[in-house]
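Chemist:
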Amino acid sequence: MTEALIENGFAKVGDGTWLVGAAQPVAVLGNSVPFSLKGFFVPDRSRLHLMQVSGKAACADASRPFLTRIPCAAPLTVVSDKFLVAPQEARKGGSILRVVPFSFRNAICTTECVREWVVMATKSRVTSFALQENDLLAVRMEAAVAWTTKRPTGFCPRIKLSDILIPRRRDRNLLLHFYGPGVVWVEGANAS
């Protein structure tokens, strides 16, 4: 099975080596062997790993019950924390998107996928926005799921020097600006 069967809140995959999110798969009918991602600088290593499956595996996240399959027709960047399952060949690399310069608190770990498909687990339903040349889309940081656009930039109407030097909690007004052309997948955001 080279496709994921999505049913009842689970993404089910068969024999093979799969790239899966943290604490995945939740159930395996058969045998599975986990492997960590190899490389010197792998920023998404704590969020993703490889799983060799002999049989069938089911992936799901109780805190993120909505599953979305996104095809990788163009190079796709996904938020690693929302990653559920994809074929091993899908991953090209990982990076850290620092929205506020030098801030680890206001950073998003991302994974770049170039082939096949990716199943994402989100807290709410996902919608896509197709951007034309010179279009601008502003998205709350916690709502971003995936994008095929250029690397987004951060925007905050008011940021203090202390927010950069002494990071506390994430600023509520912090947005990501996406520039077209491309497609951006977005989920609902929490008010807290």
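The letter at position 136 of the sequence shown is residue 218 when you use this note's numbering, and the numbering goes up by one with no holes.
For every residue, glycine included, the Cβ atom is placed at its ideal position computed from N, Cα and C.
Predicted model only: the values in this text are computed from it and were never measured.
#1: Exposed or buried, Asn-272, counting other C-beta atoms within 10 Å across all chains shown (16 or more means buried)?
#2: Please say whether Val-266 and Thr-235 have beta carbons closer to each other than 8 angstroms?
#3: According to the Cβ coordinates, are Arg-207 and Glu-171 closer than 8 angstroms?
#4: Between which two residues does the beta strand (DSSP E) harbouring Ser-136 extend?
#5: Determine the contact status of Lys-205 and Phe-165, defining contact as a CB-CB distance below 8 angstroms.
#6: Whole angstroms are fine: how far does the CA of Ala-86 sit from the CA of Ser-162?
#7: With DSSP as the reference, identify every bridge partner of Arg-207, one or two as the case may be.
#8: Rounding to the nearest angstrom, what Cα-Cα distance links Cys-154 and Val-200 in this structure?
#9: Going by the C-beta, is Lys-205 closer than 7 angstroms to any heavy atom of the ligand COA?
#10: With respect to the beta strand (DSSP E) encompassing Pro-153, which residues constitute its N-terminal and C-terminal limits?
#11: From the DSSP output, read off the bridge partner residues of Val-167.
#12: Pull up the DSSP beta-bridge partners for Ser-177, would you.
#13: Once the 5 residues before and after Leu-258 are set aside, which same chain residues still bring their CB inside 8 angstroms of it?
#14: Can you grab the Cα-Cα spacing for the pair Thr-84 / Asn-188, in whole Å?
#15: Where Val-108 and Asp-217 are concerned, what is the direct C-alpha to C-alpha distance, given to the nearest angstrom?
#16: What are the start and end residues of the beta strand (DSSP E) that includes Arg-222?
#17: Can you list, in chain order, the residues of its chain whose CB lies under 6 angstroms from that of Arg-146, leaving out five sequence neighbours each side?
#18: In whole angstroms, give me the CA-to-CA distance for Gly-112 and Lys-174.
#19: Looking at Ser-118 and Arg-129, is the spacing between their C-beta atoms short of 8 angstroms?
#20: Here's the rule: buried if 16 or more other CB atoms are within 10 angstroms of the residue's CB, otherwise exposed. What is Lys-120?
Modeler: According to the structure shown:
#1: exposed
#2: no
#3: no
#4: 130-141
#5: no
#6: 18 angstroms
#7: Partner(s): none; Arg-207 has no beta bridge.
#8: 7 angstroms
#9: The ligand COA is absent from the structure shown, which contains no ligands of any kind.
#10: Run containing Pro-153: 148-153, per the beta strand (DSSP E) assignment.
#11: Val-102, Val-201
#12: Ser-177 is bridged by DSSP to Thr-192.
#13: Result list for Leu-258: Val-181, Ala-220, Val-221, Arg-222, Met-223, Ala-226, Pro-234, Thr-235, Gly-236, Phe-237, in chain order.
#14: 36 angstroms
#15: 40 angstroms
#16: Unbroken beta strand (DSSP E) run through Arg-222: 218-222.
#17: Ala-203, Thr-204, Lys-205
#18: 28 angstroms
#19: no
#20: Exposed: under 16 other Cβ atoms inside 10 Å.
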